[in-house]
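Right, one structure below, let's go through it.
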Amino acid sequence: PLTSDVDFLAVTVRALTPTQFTALADMHQRLRALPNPYGDNQEGPYIDRKALRRYIPAQTHPTIARGEALKWSIHGTNWILERFMVREHGLIVFGPDPKTLIDPLSADELRAATRARLPEWVAWARHATDPDWSLARSHKAYVIETMCRALYTLTTGALASKPQAVTWATIHLPEPWRTLAARSRAWHADATADPGLNAEVAAFIRWTAEVAERGSI
């Protein structure tokens, strides 16, 4: 809970009009001003029913991210994976079963979407001066968890939560990555900056991309 946010997906009958977008943006600004810690820790889009059915590259949708205002954002291939999670594991607050709104996704589609994301991570790993490398151990834990999830999907053709993927990694990955995954569990709420971990985390990103290229661990 100390590092969690509220993830949601809101489905609209039609694409939002400019007036509707402005009203929603104002609502989110009011939520951000609340004393509730989750008021400024929401992440999710507003997608109309037609667009939700299947992922279409380069489409934009009203989307809010943690600590930011609602804005029109291009959805990358990670939204193939997000659709799968909502379809198969989403909790319904109001409305129909997500399975009636989102088409099924195959294991190969999940693997392909995962592979498509990894070049961005490799490019980031090469830039040692990127400010994000100065962030706390909790961010390093997030990166490691993300790579564990990618490896899980590439290997099994399914998706796992971050904790599930890390547990899987501590069993199935070779060293030194198995131990790195285990160590990351202690860093979730650790605000300590630790640049000494940067090379190790960057190497894990590169190794994950190599696994994606060769097709197996």
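Residues 77 to 293 in the working numbering are what the sequence shown lists, from first letter to last. Glycine included, C-beta positions come from ideal geometry on N, C-alpha and C.
| Query | Result |
| --- | --- |
| Do the stretch 172-181 and the stretch 139-155 make contact, defined as three or more Cβ pairs closer than 8 Å? | no |
| For the stretch 237-244 against the stretch 181-188, do three or more pairs of beta-carbon atoms, one drawn from each stretch, fall closer than 8 Å, so that the two count as touching? | no |
| Return the first residue and the last residue of the beta strand (DSSP E) that Val87 is part of. | 86-88 |
| Between Thr246 and Arg254, how many whole angstroms is the CB-CB distance? I'm expecting something under 8 Å. | 6 Å |
| With 8 Å set as the bound, which would you pick, yes or no: does the beta-carbon of Thr243 sit closer than that to a beta-carbon of chain D? | The chain labelled as chain D is not found in the depicted structure, where only one protein chain is given. |
| Let me know if Leu167 comes out buried or exposed under the rule of 16 or more other beta-carbons within 10 Å of its beta-carbon. | exposed |
| With distances taken Cα to Cα, identify the nearest neighbour of Leu227 among Gln96, Leu194, Ala201. | Leu194 |
| Can you round the beta-carbon distance between Arg130 and Val87 to whole angstroms, since I take them to be within the 8 Å contact cut? | Incorrect: roughly 14 Å between the Cβ atoms, too far for contact. |
| With distance defined between alpha-carbon atoms, name the residue in Glu221, Arg90, Phe84, Arg106 nearest to Met161. | Phe84 |
| Taking 8 Å as the threshold (C-beta atoms), are Val82 and Pro118 in contact? | A small fix is needed here, since residue 118 is Gln in this sequence, not Pro. A contact, by the Cβ cut-off of 8 Å. |
| Could you please give me the residues that DSSP links to Gln118 through a beta bridge? | Val82 |
| For the alpha helix (DSSP H) containing Ile247, name the first residue and the last one. | 238-248 |
| With distance defined between alpha-carbon atoms, name the residue in Leu110, Asp102, Ile281, Ser80 nearest to His203. | Ile281 |
| Going straight from the alpha carbon of Leu273 to that of Gly291, what length do you get? | 27 Å |
| With Tyr122 and Leu92 assumed to form a contact (beta carbons below 8 Å), what rounded beta-carbon distance in angstroms separates them? | 6 Å |
| Taking all protein chains shown into account, decide if His165 is buried (16 or more other Cβ within 10 angstroms of its Cβ) or exposed. | exposed |
| Enumerate in chain order the residues of its own chain whose CB-to-CB distance from Ala134 is below 7 Å, with the five nearest sequence positions on each side excluded. | Ile150 |
| Less than 8 Å between the C-beta atoms of Ala257 and Leu249, yes or no? | yes |
| How many angstroms separate the CA atom of Leu211 from the CA atom of Ala199? | 18 Å |
| For Ser58, which three-state DSSP category applies? | A question about residue 58 goes unanswered here, because the residues of the chain that appear run from 77 up to 293. |
| With a CB to CB cut of under 6 Å and the five nearest residues on each side skipped, what residues in its chain are close to Ile140? | His104, Gln118, Leu146 |
| To the nearest angstrom, how far is the alpha carbon of Asp116 from that of Asp206? | 25 Å |
| State yes or no: is the C-beta of Ser294 within less than 8 Å of the C-beta of Glu221? | Limits of the chain in this structure are 77 at one end and 293 at the other, which puts residue 294 out of reach. |
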